[in-house]
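As structure tokens, the structure follows; a few thoughts come after it.
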Amino acid sequence: MKNFVFLIDNGIELKEQKIIASGMMEAVNKIKEVKKQLLNDQQENSKIIFKGVIYENAY
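Take the sequence shown: its position 7, counted from the start at 1, is 7 in UniProt numbering, and no numbers get skipped.
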């Protein structure tokens with residue numbers, strides 16, 4: 001499993017969201033669900049930017 005790191009920018013603050021997934025497609029689907037929840041809660045448009053991947057046991 002890998003940690004995919006995304007930045008969520010709503011114009012006011014920048015949050016870092018880590019998604020645990022086995023691949024990029026799974027991570028993208030999970031971050032889309034997070035974005036839907038944010039839109040329902042805040043009613044504001046947010047930008048999502050991919051920051052990188054953290055590999056487990058990479059030493």
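Glycine is no exception: its CB is placed at the ideal position from the N, C-alpha and C atoms. Since we're looking at a predicted model, the values are computed, not measured.
When Asn-40, Glu-26, Leu-14 are compared, the shortest CA-CA separation from Asn-3 is found for Glu-26. The Cβ-Cβ distance between Ile-48 and Ile-19 does not fall below 7 Å.
Phe-50 is classed as exposed because its beta carbon has fewer than 16 other beta carbons within 10 Å across all chains shown.
C-alpha of Ser-22 to C-alpha of Val-34: approximately 17 Å in a straight line. In the three-state DSSP reduction, Gln-42 falls in the helix class (H, G or I).
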